Amino acid sequence: MTADPQAQVQELRRQLQTLLDAAKANERKLDRFDALERRLMAVGSMEELVNLLLVDCRADFGLDAAELWLLDPDGELRRALPSLPMARAPQLLEGHGPLKDIFGAARTTRLIGPGHGEALLATAFGAGTPVRSAALLPLIRQGLLIGSLHFGARDAERYDAASGTKFLDRLAAIAAIAIESMLNRERLRRAGMTDGLTGVHNRRYFDHRSLIEFSQAVRHRYPLACLFLDIDHFKAINDGHGHPAGDEVLRQVGGLIQRSLRTGDLAARYGGEEFVVLLPRTDLAGAREVAERIRLMVQDAPFVTPEGGTLSATLSAGLAMLPAEATSFADLLNAADRALYEAKRAGRNRTIADTGGEAA
Numbered sequence: 004m005t006a007d008p009q010a011q012v013q014e015l016r017r018q019l020q021t022l023l024d025a026a027k028a029n030e031r032k033l034d035r036f037d038a039l040e041r042r043l044m045a046v047g048s049m050e051e052l053v054n055l056l057l058v059d060c061r062a063d064f065g066l067d068a069a070e071l072w073l074l075d076p077d078g079e080l081r082r083a084l085p086s087l088p089m090a091r092a093p094q095l096l097e098g099h100g101p102l103k104d105i106f107g108a109a110r111t112t113r114l115i116g117p118g119h120g121e122a123l124l125a126t127a128f129g130a131g132t133p134v135r136s137a138a139l140l141p142l143i144r145q146g147l148l149i150g151s152l153h154f155g156a157r158d159a160e161r162y163d164a165a166s167g168t169k170f171l172d173r174l175a176a177i178a179a180i181a182i183e184s185m186l187n188r189e190r191l192r193r194a195g196m197t198d199g200l201t202g203v204h205n206r207r208y209f210d211h212r213s214l215i216e217f218s219q220a221v222r223h224r225y226p227l228a229c230l231f232l233d234i235d236h237f238k239a240i241n242d243g244h245g246h247p248a249g250d251e252v253l254r255q256v257g258g259l260i261q262r263s264l265r266t267g268d269l270a271a272r273y274g275g276e277e278f279v280v281l282l283p284r285t286d287l288a289g290a291r292e293v294a295e296r297i298r299l300m301v302q303d304a305p306f307v308t309p310e311g312g313t314l315s316a317t318l319s320a321g322l323a324m325l326p327a328e329a330t331s332f333a334d335l336l337n338a339a340d341r342a343l344y345e346a347k348r349a350g351r352n353r354t355i356a357d358t359g360g361e362a363a
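Throughout, the working numbering is defined as the position within the sequence shown, counted from one, plus 3.
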């Protein structure tokens, strides 16, 4: 029986319209990818990059989930990212294990859907995730796997394992370049404000940040505490054990100080063996507790020397609170310095607080 010519024409028109709709959809997708690539190449900061990948991408592409994993074996990002204003933070990995669980040795984009590696969805997005299909993109720079980017959807058909990955592969390559560029920029930025030996902030950064904290404390009338910390008999350590051992003591003391502080507190190497700490929104009792915690940690620590031996060290702490009538940050610094002098004069390895010109 000969098919109805009119029906054949209608079917051909339907097929043509389907092809046109698919072409338009691909064109829109290509435009979105192109716009995203341009934005990735133009980002000016690490926080902008992370927000773009985890927040804007999710909105622009109608995703239900987006995750960014970054390899951070030395804790470099773990120290830097908390201070950055990010709507969402990446997951930082200490080793390659989680990445190997997803990509194995292939290190190629994986499309996960029904019957195709569904068990990996919980790994990539967390237990109990509503995601039913996903694109898992390896981030590779100079042959090294530096992280992964995960896009997820509730729609089980969104990512078909049989689909091509050309657009996603290109996006992953550009994202990896952008991440490496921002990491290098962040390293340079931190190098300019970090003491190379101890890893805490340097004097230049402290001088800048302290004025901001001072003005905020005065404007909003919240307490601001300052600690001066000085390693006792440091010259004797250098003379008796050598300058490399003295450098190790400084480095390890800097690490103990950093581990004792909250996000938002500020520690810096002020000069020589002296450190300074600012504690915003901290009263006298709280500041004294921080100072004593640091002092006792230093007192109890076995400081490892370059030769593998150990030595002991102590420090003295001077504490001061921002006076209500203070007209400059120098008033607070001078008060903490007076308290440190009193702690040294009283026998060292102790905390002394300055109370209105008198140590207590």
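The beta carbon of each residue, even a glycine, is placed where N, CA and C say it ideally should be. Small disclaimer: the values here were computed from a predicted structure and weren't measured.
For residue i, list the residues DSSP reports as bridge partners.
i: His119; result: Gly116
i: Val280; result: Leu230, Ala270
i: Phe154; result: Ala69, Ala138
i: Gly321; result: Phe231, Ile355
i: Arg144; result: Leu147
i: Val256; result: DSSP output for Val256 lists no bridge partner at all.
i: Gln94; result: Trp72
i: Val53; result: None, per the DSSP bridge assignment.
i: Ala204; result: It is worth fixing the name first, because residue 204 is His in this sequence and not Ala. Note: His204 sits in a beta bridge opposite Thr197, Ala271.
i: Leu39; result: Leu39 is not bridged to any residue.
Would you check if the distance between the CB atom of residue i and the CB atom of residue j is smaller than 7 Å?
i: Ala339; j: Ala323; result: yes
i: Arg35; j: Leu55; result: no
i: Leu253; j: Thr201; result: yes
i: Phe217; j: Phe306; result: no
i: Met185; j: Leu19; result: no
i: Thr354; j: Arg272; result: no
i: Asp67; j: Ala156; result: yes
i: Pro247; j: Asp286; result: no
i: Ile115; j: Leu102; result: no
Who are the Cβ neighbours of residue i in its own chain at under 7 Å, not counting the five residues just before and after it?
i: Leu336; result: Cys229
i: Glu119; result: Looking at the sequence provided, one finds His at residue 119 rather than Glu. Hits under 7 Å: Ala164.
i: Thr313; result: Pro305, Phe306, Val307
i: Arg110; result: Pro141, Ile143, Leu148
i: His244; result: Thr308, Leu314
i: Ala125; result: Thr132
i: Glu168; result: Residue identity differs from the one stated: residue 168 is Thr in this sequence, not Glu. Taken in chain order, the residues that qualify are Thr112, Leu114.
Can you tell which of the options has its C-alpha closest to the C-alpha of residue i?
i: Ser319; options: Ala294, Leu147, Thr308; result: Ala294
i: Thr308; options: Asp198, Val256, Met44; result: Val256
i: His204; options: Ile260, Glu121, Asp37, Ala288; result: Ile260
i: Ala288; options: Glu79, Thr358, Gly350; result: Thr358
i: Ala176; options: Arg296, Ala159, Leu152, Leu191; result: Leu152
i: His223; options: Phe128, Gly274, Gly199, Arg284; result: Arg284
i: Glu70; options: Arg61, Ala159, Arg135; result: Arg61
i: His236; options: Tyr273, Arg351, Ala220, Ala159; result: Arg351
i: Gly161; options: Met185, Arg135, Ser315, Glu183; result: A small correction: the amino acid at residue 161 is Arg; Gly does not occupy that position in the sequence shown. Nearest option by C-alpha distance: Arg135.
i: Arg190; options: Pro8, Arg81, Glu40; result: Arg81
i: Val280; options: Gly146, Gly199, Gly321; result: Gly321
i: Pro93; options: Ala127, Pro117, Ala122, Ala108; result: Ala127
i: Gly275; options: Gly199, Gly167, Leu102, Arg91; result: Gly199
i: Met49; options: Glu121, Pro101, Arg91; result: Arg91
i: Thr330; options: Ser166, Ala220, Thr168, Val12; result: Ala220
i: Leu39; options: Gly129, Phe170, Asp7, Pro8; result: Phe170
Below 6 Å CB to CB, which residues in the same chain sit around residue i once its five sequence neighbours on both sides are set aside?
i: Asp268; result: Leu282
i: Leu74; result: Leu96, Ile149, Gly150
i: Thr21; result: none
In whole angstroms, give me the CA-to-CA distance for residue i and residue j.
i: Thr112; j: Ala138; result: 7 Å
i: Ile215; j: Asn187; result: 27 Å
i: Ala164; j: His99; result: 24 Å
i: Gly249; j: Asn241; result: 5 Å
i: Gly360; j: Pro326; result: Caution is warranted here: a pLDDT of 49 is assigned to Gly360, below 50, making its placement in the model unreliable, and no coordinate value can be reported.
i: Phe154; j: Gln302; result: 49 Å
i: Glu345; j: Asp210; result: 24 Å
i: Lys1; j: Leu232; result: Shown here, the chain extends from 4 to 363; a query on residue 1 therefore has no answer.
i: Arg193; j: Arg17; result: 60 Å
i: Ile105; j: Ala270; result: 39 Å
i: Asp158; j: Thr132; result: 13 Å
i: Ala290; j: Ser213; result: 17 Å
i: Glu251; j: Lys238; result: 14 Å
i: Arg341; j: Ile234; result: 16 Å
i: Arg296; j: Asp172; result: 50 Å
i: Gly47; j: Gly78; result: 22 Å
i: Ile180; j: Phe278; result: 37 Å
i: Ala356; j: Ser263; result: 19 Å
i: Glu328; j: Glu292; result: 25 Å
Ordered along the chain, which non-local residues of its own chain (more than five positions away) have a Cβ less than 8 Å from that of residue i?
i: Met4; result: Confidence at Met4 is low in this model, with a pLDDT of 48, below 50, so its placement is unreliable and no value can be given for it.
i: Ala178; result: Leu43, Leu56, Leu140, Leu142, Leu152
i: Thr197; result: Val203, His204, Asn205, Tyr208
i: Gly258; result: Thr201, Gly202
i: Phe64; result: Arg35, Phe154
Any heavy atom of the ligand MN within a distance shorter than 6 Å of the CB on residue i?
i: Asp104; result: Because no ligand of any kind appears in the structure shown, any question about the ligand MN cannot be addressed here.
If we define contact as Cβ-Cβ less than 7 Å, is residue i a contact residue for chain B?
i: Ala122; result: Of the protein chains in this structure there is only one, and it is not chain B.
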